[in-house]
Each structure stands twice: as C-alpha cells, then as structure tokens.
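Counting along the sequence shown from 1, when you hit position 109 you're at 109 in the working numbering, and nothing is skipped either side.
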Amino acid sequence: EDRTGTGTISTFGYQMRFDLQEGFPMVTTKKLHLKSIVYELLWFLAGDSNIQYLCKNGVGIWNDWPYAKYQKSAEFAGETMKEFAQKIANDDAFAAKWGELGPVYGHQWRHWPDGKGGEIDQIKQLIHQIKTKPDSRRLIVSAWNVADIEALLMLYLR
C-alpha cells in the first residue's frame, strides 16, 4: 500500500529485538570496555568535539590524531601519549588548543549546519519525533556530513 501517494515501497530487513530487563545485548566475540563505550556515547550525545572529557574519564580512543598533530608542533617536548592525555585532562588551555577534533560525530548530531547560518540539533529533533510520530520513517540521525570531510582531513594532514 502506498500511504503517501509518492511511490514509496516498504521493504523490511531482518530485525533483532531484546528485552533490556534481561540485560544489555553486547557482542561477546571480542573484549569490550563498557566504561569507554558509555563515556564515548555520552560525549557524542553532548555534541562535544574536544577530547578533554574523554581524557578525564580514561578514554583514549580518540587521542591518536590530536597527539600526532601535537608531536609535529614546535611545542612538543617529548611527552608520551599518556602524558599528553593527562595534560589534556588537566589543562583547559592546552585542551582547547590540542584536544579539538573538529566536526566529528557528536558535533554533527547536535550542531548540523542548516545552510542558513543556524544549526540543527538532530538528537533533540529525534526525541521530539519519537514522542509525536513514533512510526515516522524520518527517525534518522546522521553523522556523515560530506561538506566537512575536507575540513577534517586538512585539520590532521597539515
């Protein structure tokens, strides 16, 4: 049935459903660090793009790019990755200068450019849509912003 008259066809793929009262479903074929997963997701949901929050919480998955950029700078004094992460965590000015990743996932979720100088908060929109139109086919959040790819590359390839 074409509910909207636009030629849209519904095709349903395989789905898995879990009762979260029985536990949280996680892949068990490899080791996962749940604490890091939770902190990274909270960081994304906050719309943050600076690794300081992650470093303060012992999550180092995003440290490689900023550390490599720092190593190429005149300010680099031989710090190890661990020392770099500690400095990011404890020094706000250092974190502002060296911990910024640019428009990564969380930034895209919460600050998507609307093309008119404003921003779209996709998470806020999604929550509103789930509450008001839970069956909508537009319940989508995207972190893939093609317009920002070149800027991200230049940020770390310089």
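Even glycine gets a Cβ: it sits at the ideal position worked out from N, Cα and C.
Open item on the list: Please report the distance separating the alpha-carbon of T11 from that of G117.
Closed with: 36 Å
- [ ] Report the residue ranges of all alpha helix (DSSP H) runs contained in full by the region 100 to 139; include only those spanning at least 4 residues, in chain order.
- [x] 105 to 110 and 122 to 132
Task: Burial state of I127, where buried means 16 or more other Cβ atoms lie within 10 Å - done: exposed
Task: Segment contact, 8 Å Cβ cut-off, at least three pairs: the region 55 to 64 with the region 28 to 47 - done: yes
Task: Start and end residues, alpha helix (DSSP H) containing F18 - done: It is not in any alpha helix (DSSP H) - F18 carries neither H nor E in the DSSP assignment.
TODO: Assign N90 to one of three DSSP states: helix, strand, or coil.
DONE: helix
Open item on the list: Checking the sheet assignment: what are the DSSP bridge partners for N145?
Closed with: In the DSSP output, where bridge partners are listed per residue, N145 has none listed.
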